[in-house]
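Inspection log for the structure reproduced underneath, given as structure tokens.
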Amino acid sequence: MRLSRRWLSHRNLANVDDARTVCPICGTYDSFVALSEWSRDDLTCTGCHNGSVPRERAVALALRDYAPAWRLQRILECSPAPRGISVELMRTARHYQAINLFPDKPLGAVVNSVRNEDLEAMSFADSSFDVFVSLDVLEHVPHPETAVREISRVVTPNGFAFLTFPIRKHQVEPVIARAVMSDDGTVDHLAEPEWHGNPFSSDGSLVFTDFGYDVHQWLFEASGRNATVIRFADAQHGIVGELTDVCVLGPLGGAR
Ligand SMILES: [Zn+2]
């Protein structure tokens, strides 16, 4: 399939007609189609199951580079969307566990193969997984530092976590709260409420935290792991547009 002309305008390659793109999730050539000019949500892949978006393809590249044996490993994914990289992980990894927080179900219940877990207090033993993946979850967690500590706990000391979330362009501070949840579950808004789509709930998900440039330092402190932020402008792999960063938490031994 040919690239749409609109998407070709994103590319800054001298010989566009000779260059072939390839999807790092499904391996299909020349499969990217722009459904709108907002590439973050709408530059899809016609080869991926239910399509994919740039940040999913970015995670696929990060997995390839940091955890190339992931298909043989134990993978935990929080709140997977039914498409792209999540379907690929579920289908091809030897051991794959999906989790999501279903507020109206008991913790530990399994809903369509997805286990009900609170990312801030998971029931898994330490070092239960080799790889953790979450795409656009951390901004919706009321206490992201607690969640990052939990993620680090359930991943083996030599394992990796791959996280995406919007890193705001004009913010240096690593975290700024948009909303605060009290112990009784009430939410106070410190900024205009912002909601994102949620594959598990038509109500959407409230953004609790805005992340900024220094998030790598914050991740290092919160997780005790080496932290790397990868930023992409990669037309060949269909990773263009806004907010495609992947944060990688590496082996333990950094801040501890
Ligand atoms: Zn694909």
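Here the numbering used here is used: the first residue of the sequence shown is 27, the next is one more, and so on.
Here a beta-carbon is modelled for each residue, glycine too, at the ideal position from N, C-alpha and C.
Separation of the CB atoms of PHE155 and ARG100 is rounded to 5 Å, and the pair is thereby assigned contact status at 8 Å.
Apart from sequence neighbours up to five positions away, the residues of its chain that approach LEU115 with a beta-carbon distance below 7 Å are ILE101, GLU103, TYR122 and VAL159, ordered along the chain. Taking C-beta atoms as the reference points, THR182 and SER153 count as a pair closer than 8 Å. The closest CA to that of HIS215, considering only MET148, HIS222 and VAL206, is found on VAL206.
Straight through space, the alpha carbons of TRP96 and ALA88 are spaced by roughly 11 Å. With 16 or more neighbouring CB atoms inside 10 Å of its own CB, VAL174 falls in the buried class.
The C-alpha of PRO192 lies about 16 Å from the C-alpha of LEU275. Put simply, the residues with a CB less than 6 Å from any heavy atom of ligand 1 are CYS49, ILE51, CYS52, THR54, SER57, CYS71, GLY73, CYS74 and SER78, in chain order.
Contact between ILE265 and PRO80 is confirmed by a C-beta separation of about 5 Å, below the 8 Å threshold. When ASP260, LEU278, CYS273 and THR270 are compared, the shortest CA-CA separation from ARG46 is found for ASP260.
Here VAL113 is not near ALA124, since their CB atoms are 8 Å or more apart. GLU103 carries a strand assignment under DSSP once its states are collapsed to helix, strand and coil.
The straight-line gap separating the alpha-carbon atoms of THR190 and GLY110 is approximately 15 Å. In chain order, GLU176 and VAL180 place their CB closer than 7 Å to the CB of MET148, counting only its own chain and leaving out the 5 sequence neighbours on each side.
Distances from the alpha-carbon of PRO94 to those of ILE202, VAL157, HIS263 and ALA248 put VAL157 closest. Around TYR92, the same chain offers PHE186 and VAL274 as residues with beta carbons nearer than 6 Å, after the five sequence neighbours per side are excluded. Our two residues, GLU165 and GLN262, have alpha carbons roughly 28 Å apart in a direct line. Secondary structure of GLY211 (DSSP, three-state): coil.
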